[in-house]
Structure formats: C-alpha cells, structure tokens
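Here is the structure we will look at, set down as structure tokens.
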Amino acid sequence: MTEDEVKMGTTVYVPHSSCRDFRWMGDYEAVYRESVKDPEKFWENIASELEWDKKWDKVLEWDYPDSRWFSGAKLNITKNCLDRHVNSSKKNKVALIWKGDDGCERLYTYRQLHREVMRFANGLKNLGVRKGDRVCFYMPFVPEHIVAILACARIGAVHTIVYAGFGSESLHQRILDSQAKIVITADVSIRRGKRIDLKSLVDDAIVNAPSVERVVVFRRTQPEIELYAEMEIDYYDLIKDESNICEPEEMDAEDPLFILYTSGTTGKPKGILHTCGGYMVGTYYTCRYIFDIKDSDVYWCTADPGWITGHSYVVYGPLAAGATVMFSETTPDYPDLGVWWEIVEDFGVTIMYTAPTAIRMFMKYGEEWPNRYNLESLRILGSVGEPLNPEAFEWFYRVIGKGKLPIVDTWWQTETGMHMITTIPGDPMKPGFAGRPVPGIIADVVDKDGKSLEPGISGKLVIRSPWPSMMRGVWNDRSRYEKYWNDVPGCYTTGDMAVKDKDGYIMITGRSDDIIIMSGHNIGSAEVESALVENEAVAEAAVIGVPDSLKGNVIKAYVILKEGFEASEKLENELKYHVRMTLGPISMPSEIKFVQSLPKTRSGKIMRRVLRAVETGADPGDLSTIED
Ligand code: WT7
Numbered sequence: 020m021t022e023d024e025v026k027m028g029t030t031v032y033v034p035h036s037s038c039r040d041f042r043w044m045g046d047y048e049a050v051y052r053e054s055v056k057d058p059e060k061f062w063e064n065i066a067s068e069l070e071w072d073k074k075w076d077k078v079l080e081w082d083y084p085d086s087r088w089f090s091g092a093k094l095n096i097t098k099n100c101l102d103r104h105v106n107s108s109k110k111n112k113v114a115l116i117w118k119g120d121d122g123c124e125r126l127y128t129y130r131q132l133h134r135e136v137m138r139f140a141n142g143l144k145n146l147g148v149r150k151g152d153r154v155c156f157y158m159p160f161v162p163e164h165i166v167a168i169l170a171c172a173r174i175g176a177v178h179t180i181v182y183a184g185f186g187s188e189s190l191h192q193r194i195l196d197s198q199a200k201i202v203i204t205a206d207v208s209i210r211r212g213k214r215i216d217l218k219s220l221v222d223d224a225i226v227n228a229p230s231v232e233r234v235v236v237f238r239r240t241q242p243e244i245e246l247y248a249e250m251e252i253d254y255y256d257l258i259k260d261e262s263n264i265c266e267p268e269e270m271d272a273e274d275p276l277f278i279l280y281t282s283g284t285t286g287k288p289k290g291i292l293h294t295c296g297g298y299m300v301g302t303y304y305t306c307r308y309i310f311d312i313k314d315s316d317v318y319w320c321t322a323d324p325g326w327i328t329g330h331s332y333v334v335y336g337p338l339a340a341g342a343t344v345m346f347s348e349t350t351p352d353y354p355d356l357g358v359w360w361e362i363v364e365d366f367g368v369t370i371m372y373t374a375p376t377a378i379r380m381f382m383k384y385g386e387e388w389p390n391r392y393n394l395e396s397l398r399i400l401g402s403v404g405e406p407l408n409p410e411a412f413e414w415f416y417r418v419i420g421k422g423k424l425p426i427v428d429t430w431w432q433t434e435t436g437m438h439m440i441t442t443i444p445g446d447p448m449k450p451g452f453a454g455r456p457v458p459g460i461i462a463d464v465v466d467k468d469g470k471s472l473e474p475g476i477s478g479k480l481v482i483r484s485p486w487p488s489m490m491r492g493v494w495n496d497r498s499r500y501e502k503y504w505n506d507v508p509g510c511y512t513t514g515d516m517a518v519k520d521k522d523g524y525i526m527i528t529g530r531s532d533d534i535i536i537m538s539g540h541n542i543g544s545a546e547v548e549s550a551l552v553e554n555e556a557v558a559e560a561a562v563i564g565v566p567d568s569l570k571g572n573v574i575k576a577y578v579i580l581k582e583g584f585e586a587s588e589k590l591e592n593e594l595k596y597h598v599r600m601t602l603g604p605i606s607m608p609s610e611i612k613f614v615q616s617l618p619k620t621r622s623g624k625i626m627r628r629v630l631r632a633v634e635t636g637a638d639p640g641d642l643s644t645i646e647d
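Take 20 as the starting number for the sequence shown in my numbering and just add one per residue.
Next up, the structure:
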C-alpha cells in the first residue's frame with residue numbers, strides 16, 4: 020500500500036467473515052444506529068444481561084459535566100465476575116491461567132477463584148478495611164494480585180493500583196493522594212529471571228504517609244524476607260484461618276470502584292475515579308461485542324493490572340463475560356523470542372490483545388520466531404495503547420493472523436474505562452486507522468469551537484455524549500475534572516488529535532498536550548521535569564517525546580545547569596538514575612541534552628512544541644509568543 024492510500028483510508032483489509040456469523044448484537048451499522056436513536060434503551064439492554072441486587076430507577080442522569088448511570092441500582096461487580104458463573108454450568112470452568120517468568124503454571128477455576136477472593140476479602144475485613152477505604156497495590160503480575168483486587172471490590176474497598184515499574188516517589192505520591200489505609204505488595208517481582216525488590220521501595224514510600232496502617236506482603240521467594248510484626252503481615256498468614264464465604268457488600272451503582280492514577284500536564288498525577296455500575300456495563304459490553312468473547316475462548320491480554328487495560332480487560336470485563344483468562348508475567352523476549360508464541364500454541368489462545376510496541380519488537384527480530392509455533396487457535400487479534408502503524412498492522416495481520424484474522428485496534432483511555440473507537444471483528448480494516456466509534460459512543464473530530472471537521476482535516480478528538488464507564492471525577496481535584504469538559508464546548512476532550520476519512524474511520528495522529536505515549540505508557544513531561552530539577556545541578560529542564568520506530572516515542576530531556584556545574588556523561592547518568600529511582604524505569608529519559616537556554620513564552624512557560632519541532636524538523640507553528 021502507498022502512503023497516500025493509507026492517509027486517505029483507501030487501503031482496506033477484509034478479514035474472514037466467520038466472526039460475522041455469530042455477532043452478539045448484530046452488524047455494526049444497525050447496532051450503531053439503534054444506539055444513537057435511543058442511547059438509554061441501548062445501555063439498559065446491555066445492563067439487563069448482568070445481575071443486579073436492585074434494578075435502576077433511571078438509566079442516565081446527565082447534569083453536564085456530571086453523569087450518574089443506573090442510579091438507584093444496587094450490585095456487586097464480583098457477583099457478576101464470580102458468583103454468576105459459579106451458580107451456572109461454568110462452576111468448574113477455568114477462570115484464570117497464569118504462566119510465571121520461570122515457566123511455572125497455575126490455574127484457577129471459577130469456583131476456586133471465588134473462594135480465594137472471599138477468603139482474602141475476609142482477611143482484609145480483619146485488618147479493619149471497610150467500604151470506601153482505599154487499598155493501594157504495588158504488586159507483580161501474579162494470581163494473588165487479581166485475587167486481592169476482586170477481594171477489595173467484594174467488600175466495597177476502593178483499590179488504587181500502582182504499576183510495579185513505578186519508583187518509590189511515584190508510589191508515595193499516590194498513597195498520599197488516595198490516603199490509602201493498606202498497601203498490598205510482594206517481596207519481589209521477577210522479570211527476565213531477575214528479582215526486583217519491591218518491598219524496600221514500599222518501605223521508602225510509606226515514610227511520612229500516616230494513612231497507611233498495615234502492609235500485606237506476598238512472599239514468593241526463599242529465604243522469606245523478614246516482616247515487622249507491628250505493621251506487616253504475610254499474604255497467606257492473613258487468610259490461613261479465614262472462611263471462604265464472604266457475602267458481597269451491596270454497592271450503589273455510583274459508589275467508587277477504584278482510583279487509577281494517570282499522568283497529567285502538571286507534575287502531579289491525576290486519580291481517575293471509576294464507579295461500580297457503569298464501569299461493569301461498559302467493560303462487559305466491549306468484551307462481548309469487540310472481543311466477541313465466547314464460552315470456548317482462551318483470551319489473553321498482555322497488559323499488567325497496573326494499567327487501565329489490565330483493570331478493564333484482564334480482570335473485570337473478561338471475568339464478567341465468563342471467559343478463560345490467560346495472563347503471564349513473561350516478557351516477550353525471555354527466555355527467548357518465542358515465549359509468547361509458545362503460550363499461544365500451548366494453551367490454545369484464541370483472542371490475543373497486545374501493544375504495538377511489542378509487535379514492532381517482534382518485527383525487528385523476524386518472522387522465524389512466531390513461525391516456529393502453531394498459531395492456528397487464534398481467531399481475533401487486538402492492539403491498544405498507541406497508534407498501530409500500517410507496517411506493524413501489516414506484519415501482525417500477515418505473520419500472526421496468516422492473512423485471515425480480524426485485528427481490532429482499540430482506542431480508549433484510562434478516563435474512558437472501555438474501548439471507544441475500534442474496528443468490529445469481521446468489518447473492513449484500514450491500517451493506520453483505529454476504526455469507527457463503538458455503538459453507544461458519539462466521537463468526533465472538531466475545531467476549537469466544537470465544529471465538526473470535514474474528512475481529511477485534522478483536529479481535536481472529542482466525545483459528544485456521556486457513556487456508562489466514563490470517569491466520574493479526579494480524586495480530590497474538581498477543577499481537573501472540569502478541564503476535560505471546558506476545552507471544547509459541550510464535549511469531553513480526549514487530548515488526542517485525529518482525522519476522519521470519508522467512511523467515518525478515525526486515525527489518531529498524536530497528543531495535543533504534553534503527554535508522551537511511550538511503549539503505550541502515558542508519561543507526563545512535567546513529572547519528569549520536576550524529578551530532574553530535584554538534582555542540585557539542574558536549574559531548568561524541559562522534557563519531550565521524540566518519535567522512535569520501536570517505542571512510538573522516547574523521552575528526551577533538555578537541561579540547563581546551574582552556575583558552577585559542568586555537563587558530563589557522569590552527570591547525565593546520574594540524572595537518569597535519579598529519575599529511574601524516583602519515578603521508575605519507564606519514565607527514564609533515553610537522552611539528556613545540556614543546553615544554555617530553552618524556548619519560552621514571555622510569561623516564562625517553556626514551549627515544548629518548539630523543541631519537538633526542532634527535533635523532528637516539523638513546522639514549529641505560531642511563534643509570536645516566543646521570548647527568544
Ligand atoms: C492514550 C491513553 C487505553 C489503554 C492504554 C492507554 C493513546 C490508546 C490507542 C490506539 C492510538 C492510542 C492515546 C490515548 N492510545 N490506544 N488504539 N491508537 N492511540 O491508556 O494511559 O490512559 O493512554 O493512549 O493517546 O489518549 P492511557
């Protein structure tokens with residue numbers, strides 16, 4: 020395909036139509052039309068498939084920019100993820116399959132998972148955790164993590180999961196902001212055969228965090244690390260005498276389910292708040308309609324629970340849909356580049372959901388790795404986190420999908436809770452384009468006043484009406500919530516730039532703010548800058564994303580040194596190390612450039628877009644406000 024064809028959206032891939040025959044709600048156009056004609060009826064029909072202790076009085080109460088979904092309804096999301104299946108023929112169906120970094124395997128049936136969750140829920144209650152209390156997670160990708168997440172939801176505690184790749188300062192900030200009462204962690208996480216000490220990072224993070232009463236530690240290695248009896252308790256000691264019956268807490272549809280922090284345009288991360296009812300409906304719906312999850316599927320999402328993808332599409336959505344969920348601690352290149360494809364063959368994975376950055380890494384090492392394995396069980400491929408560029412699309416389609424399988428390139432955000440734009444399996448796919456809005460979602464590409472733009476013209480990506488799994492707020496920060504709704508009149512602003520084609524397919528072209536999407540992770544320039552200026556040598560810092568063929572973007576920092584300090588490789592390494600230790604390895608700049616000055620507005624704001632333009636040779640745009 021030529022670049023122009025891709026740009027215009029004229030390159031179309033039509034996959035096997037087999038998934039079309041059994042489509043859950045029907046064909047896209049018809050379902051979409053219905054959904055916008057009567058949105059409340061549309062969402063109500065989906066919600067009615069799930070179990071509620073009490074049905075809603077009203078589907079939607081919309082008081083711009085606040086929405087309440089299914090108000091008056093009572094539920095517990097774990098009843099839908101567990102009890103509903105345990106009380107059906109799925110009782111002994113495998114719910115979770117886990118493969119560890121060292122190759123070990125563990126399986127939980129729905130019955131077993133249900134009991135483990137209830138046991139841990141009782142353990143949490145015994146620690147004094149009550150409905151509404153915040154519980155912070157800093158855990159490796161092991162089954163105990165998922166059990167504990169569901170246990171929180173069982174008793175109505177609000178989980179706030181911090182990805183274990185973040186540093187102690189990031190963890191500290193999140194514990195403070197959420198006022199977490201309990202921290203759940205492990206001695207180590209294991210990556211590529213190496214142990215990464217998590218517990219000592221937690222030790223650092225809870226200093227000067229008085230809200231934390233107890234730390235629960237899952238000890239996975241020998242000899243067992245020592246715990247301080249006053250404050251710390253072993254994961255299995257906590258539950259060894261607990262009963263495996265724990266009635267679910269009756270939750271209001273609008274009660275908080277979790278807070279998940281995401282980067283913003285200031286140094287402080289935003290605690291995105293999701294609630295029980297609408298989030299359950301949105302994640303269940305998209306697992307059924309977009310992933311087409313059926314009873315016989317073995318569904319594998321490679322994301323960690325520390326990200327929204329893990330929340331929605333490892334834990335809540337697929338379990339609500341009664342799937343067999345594969346998950347794994349393995350990195351794609353250890354012990355060798357075949358390990359992921361071996362998982363597909365070994366467990367007969369049918370649906371695989373991963374990130375473009377992983378696909379591009381596999382491309383780099385060649386087709387012979389996946390070609391060594393039998394991938395015939397696969398029937399749907401998915402991508403998330405950043406644009407799936409046409410070259411990566413083509414490779415995924417041809418080498419993994421053997422030119423037969425649908426690829427769903429799902430666009431969504433921590434804030435949206437569920438897929439918002441994608442191609443439905445079986446529909447024509449256009450490389451480079453995520454696809455069309457999911458039924459129930461009104462997405463548009465607009466100018467700054469909210470006017471719809473013609474196909475081919477790039478503008479802001481917005482959502483024009485509320486949806487059940489939308490964020491309900493930013494924890495402790497009303498004004499940051501309102502910002503999402505104040506930018507373009509009447510709309511939710513995504514912060515992404517996009518362009519539509521004549522068929523309504525949407526291509527994401529980048530961010531409009533200072534968020535860097537690197538390997539599908541969302542990193543705030545301001546956060547990295549504040550970490551850099553903590554060093555005594557640094558006067559000022561500006562951080563941008565520089566396009567990278569593997570990671571999408573890499574982080575580059577421009578640093579002005581204070582009088583008396585000299586640029587050196589040693590200092591560069593020291594600064595990188597500092598960011599690594601405070602914010603974590605994912606936020607570490609790949610390059611630091613020492614400069615004498617930075618482009619600024621007259622009011623002193625650093626113009627990162629000018630730096631980006633210099634870096635990429637692009638047009639820097641309007642320079643009338645620049646000082647120097
Ligand atoms: C940002 C949200 C959604 C789960 C993972 C990231 C980018 C996400 C796509 C896609 C192009 C994408 C956007 C978005 N993004 N999916 N399919 N195509 N861009 O969640 O950390 O909240 O980041 O990721 O820029 O705004 P997140």
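Virtual Cβ for every residue (Gly too), placed ideally from N, Cα, C.
This one's a predicted model, so the numbers in the text were calculated from it and none came from an experiment.
Grouping DSSP H, G and I as helix and E and B as strand, with all else coil, what is residue i?
{"i": "residue 320", "result": "strand"}
{"i": "residue 369", "result": "coil"}
{"i": "residue 240", "result": "coil"}
{"i": "residue 610", "result": "strand"}
{"i": "residue 572", "result": "strand"}
{"i": "residue 392", "result": "coil"}
{"i": "residue 336", "result": "helix"}
{"i": "residue 553", "result": "coil"}
{"i": "residue 110", "result": "coil"}
Beta carbon of residue i, beta carbon of residue j: below 7 Å?
{"i": "residue 535", "j": "residue 572", "result": "yes"}
{"i": "residue 202", "j": "residue 221", "result": "yes"}
{"i": "residue 112", "j": "residue 129", "result": "yes"}
{"i": "residue 558", "j": "residue 595", "result": "no"}
{"i": "residue 437", "j": "residue 484", "result": "no"}
{"i": "residue 324", "j": "residue 164", "result": "yes"}
{"i": "residue 391", "j": "residue 422", "result": "no"}
{"i": "residue 200", "j": "residue 174", "result": "no"}
{"i": "residue 441", "j": "residue 433", "result": "no"}
{"i": "residue 47", "j": "residue 567", "result": "no"}
{"i": "residue 427", "j": "residue 401", "result": "yes"}
{"i": "residue 251", "j": "residue 234", "result": "yes"}
Measure the C-alpha to C-alpha separation of residue i and residue j and round it to an integer number of angstroms.
{"i": "residue 62", "j": "residue 272", "result": "14 Å"}
{"i": "residue 327", "j": "residue 583", "result": "44 Å"}
{"i": "residue 591", "j": "residue 243", "result": "37 Å"}
{"i": "residue 470", "j": "residue 181", "result": "38 Å"}
{"i": "residue 192", "j": "residue 522", "result": "45 Å"}
{"i": "residue 420", "j": "residue 316", "result": "16 Å"}
{"i": "residue 106", "j": "residue 97", "result": "13 Å"}
{"i": "residue 333", "j": "residue 303", "result": "12 Å"}
{"i": "residue 330", "j": "residue 90", "result": "23 Å"}
{"i": "residue 637", "j": "residue 229", "result": "48 Å"}
{"i": "residue 73", "j": "residue 263", "result": "25 Å"}
{"i": "residue 154", "j": "residue 288", "result": "18 Å"}
{"i": "residue 466", "j": "residue 478", "result": "6 Å"}
{"i": "residue 609", "j": "residue 472", "result": "37 Å"}
{"i": "residue 555", "j": "residue 601", "result": "15 Å"}
{"i": "residue 172", "j": "residue 612", "result": "46 Å"}
{"i": "residue 388", "j": "residue 118", "result": "19 Å"}
{"i": "residue 275", "j": "residue 353", "result": "38 Å"}
{"i": "residue 360", "j": "residue 397", "result": "11 Å"}
Could you check where the beta strand (DSSP E) with residue i kicks off and where it finishes?
{"i": "residue 80", "result": "77 to 82"}
{"i": "residue 216", "result": "213 to 216"}
{"i": "residue 17", "result": "Because the chain is modelled from 20 through 647, residue 17 falls outside the range shown and cannot be assessed."}
{"i": "residue 155", "result": "153 to 157"}
{"i": "residue 345", "result": "343 to 347"}
Using a beta-carbon distance below 7 Å, is residue i in contact with chain C?
{"i": "residue 265", "result": "Of the protein chains in the structure, only one exists, and it is not chain C."}
For the alpha helix (DSSP H) that contains residue i, what are its first and last residues?
{"i": "residue 162", "result": "162 to 174"}
{"i": "residue 55", "result": "47 to 56"}
{"i": "residue 305", "result": "295 to 308"}
{"i": "residue 139", "result": "129 to 145"}
{"i": "residue 461", "result": "Here residue 461 belongs to no alpha helix (DSSP H), and DSSP marks it neither H nor E."}
{"i": "residue 187", "result": "187 to 197"}
{"i": "residue 594", "result": "588 to 601"}
{"i": "residue 383", "result": "375 to 384"}
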